[in-house]
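**Q** What follows is a single structure, and I will ask about it in a moment.
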Amino acid sequence: MKDSLVIRARERGVDLNKVPSIASCFVPDDSSESLQDAMTREGLKFPVIAKPLIADGTANSHQMSLVLNQAGLTKLNPPIVLQELMNHGGVIFKVYVPGDHVKCVKRKSLTDISEEKLNTSSENLIAFSQVSNFSAQDYQRDIESFAELMEAAEMPPSSFVNEVANRMRDALKLHLFNFDMLRDSRIRSRYLVIDINYFPGHAKVPEFETMLTDFFLDIALKKRSRDAGLDQNNL
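Quick note, the sequence shown lines up with residues 66 to 300 if you use this note's numbering.
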């Protein structure tokens, strides 16, 4: 999804380099290069997250995996998106942008995985559903401790979130979208965008009814203003 939006921005002569994002690459099914060559070309390093893009409609067609090394990579086939894994404290920030409105919420994500665990693991490819078991010995988190973690997780500065949202809105010419953002566990002031979605679901967004109502009202008012201007010009 993000790749197609970035291409759209480039076609319009807009550079999104100022919007930080995690290194990733898309390898189509008709690609002549190997997954390892694609990673090398884009400068990706292990571990990476792999998302197959198989259009057969099954649940397994979109099963994401954590790839720890080249041996794990050989078990995957294009079309696929590869994205570097960045430890981010187990929290993801989801930013919703309907028109000029911006709403940021925090959600549960993958727990951090230590370098020691990666180097000593006998695994090389782990399904997302099993990643929590893979890192459980590092954290020993139960439901209550994770709830405390979520409560303590500091939200990114609203001015920064608004700036990123504004740049994306201007670059992509979209007025209803959301993006996911992580905070680097190593550098707490470093945030990276990992995904962009147009026409996202809002059911889990607090007060989404009010936000969307205001968005549609803004559209109606702008249309009325344009129509009034046209009528005035025709007098």
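Glycine included, every Cβ here is placed at the ideal spot set by N, Cα and C.
Model, not experiment: these values are computed from the prediction.
Indicate whether the contact test is met: 3 or more Cβ pairs, each with one atom in the region 146 to 158 and one in the region 105 to 120, closer than 8 Å.
**A** They touch, by the three-pair rule.
**Q** So, with DSSP's three-state summary, where would you put Leu109?
**A** Three-state DSSP puts Leu109 in coil, outside helix and strand.
**Q** Given 8 Å as the limit, is there contact between the region 284 to 292 and the region 264 to 274, that is, 3 or more CB pairs closer than that?
**A** Flag = no, the region 284 to 292 and the region 264 to 274 do not touch.
**Q** Return the Cβ separation of Ile191 and Ser250 in integer angstroms, given the expectation that the two are a contact with Cβ distance under 8 Å.
**A** Contact flag wrong, Cβ pair sits at about 19 Å.
**Q** Do you know how far the Cα of Thr185 is from the Cα of Ser179?
**A** Whole-angstrom Cα-Cα distance: 10 Å.
**Q** So Gln101 and Pro117 are in contact, right, with Cβ under 8 Å, and what is the actual spacing, rounded?
**A** About 16 Å; that fails the 8 Å criterion.
**Q** Can you give me the Cβ contacts of Asp279 inside the same chain, cut-off strictly under 7 Å, excluding the 5 residues immediately before and after it?
**A** Cβ neighbours of Asp279 beyond the five flanking positions: His166.
**Q** Taking DSSP as the reference, what is the three-state secondary structure of Arg248?
**A** Residue state, collapsed to three classes: strand.
**Q** Which of helix, strand or coil does DSSP assign to Ile87?
**A** DSSP places Ile87 in coil when its eight states are reduced to three.
**Q** Where Gln202 and Gly155 are concerned, what is the direct C-alpha to C-alpha distance, given to the nearest angstrom?
**A** With a pLDDT of only 49 at Gln202, under the threshold of 50, the placement of this residue in the model should not be trusted; the figure read from the coordinates follows. Their Cα atoms are separated by approximately 15 Å.
**Q** Tell me whether Gly137 is buried or exposed, calling it buried when 16 or more other Cβ atoms sit within 10 Å of its Cβ.
**A** By the 10 Å Cβ count, Gly137 comes out buried.
**Q** Exposed or buried, what is Asn231 when buried is set at 16 or more other beta-carbons lying within 10 Å of its beta-carbon?
**A** The residue in question, Asn231, is exposed, as its Cβ has fewer than 16 Cβ neighbours within 10 Å.
**Q** Going by CA-CA distance only, name the one from Leu175, Ser290, Lys173, Val160 that's closest to Ser224.
**A** Here the closest residue by C-alpha is Val160.
**Q** Measuring only the C-alpha atoms, how far is Lys238 from Val270?
**A** Looking at the two C-alpha atoms, the distance is approximately 23 Å.
**Q** Put Val226 into one of helix, strand or coil per three-state DSSP.
**A** Of the three classes helix, strand and coil, the one that applies to Val226 here is helix, per DSSP.
**Q** Assign Gln128 to one of three DSSP states: helix, strand, or coil.
**A** Reduced to three states, the DSSP call for Gln128 is coil.
**Q** Which word fits Ala212, buried or exposed, when buried means at least 16 other C-beta atoms lie within 10 angstroms of its C-beta?
**A** Exposed, because fewer than 16 other Cβ atoms sit within 10 Å of the Cβ of Ala212.
**Q** Could you please give me the residues that DSSP links to Pro117 through a beta bridge?
**A** The partner list for Pro117 (beta bridge, DSSP) reads Ile145.
**Q** In terms of residue numbering, what span does the beta strand (DSSP E) encompassing Asn184 cover?
**A** Not the beta strand (DSSP E): Asn184 falls in the alpha helix (DSSP H), residues 180 to 185.
**Q** Could you please give me the residues that DSSP links to Ala192 through a beta bridge?
**A** Paired residues: Ser130.
**Q** For Leu241, does the three-state DSSP call read helix, strand or coil?
**A** In this structure, Leu241 counts as strand in the three-state DSSP scheme.
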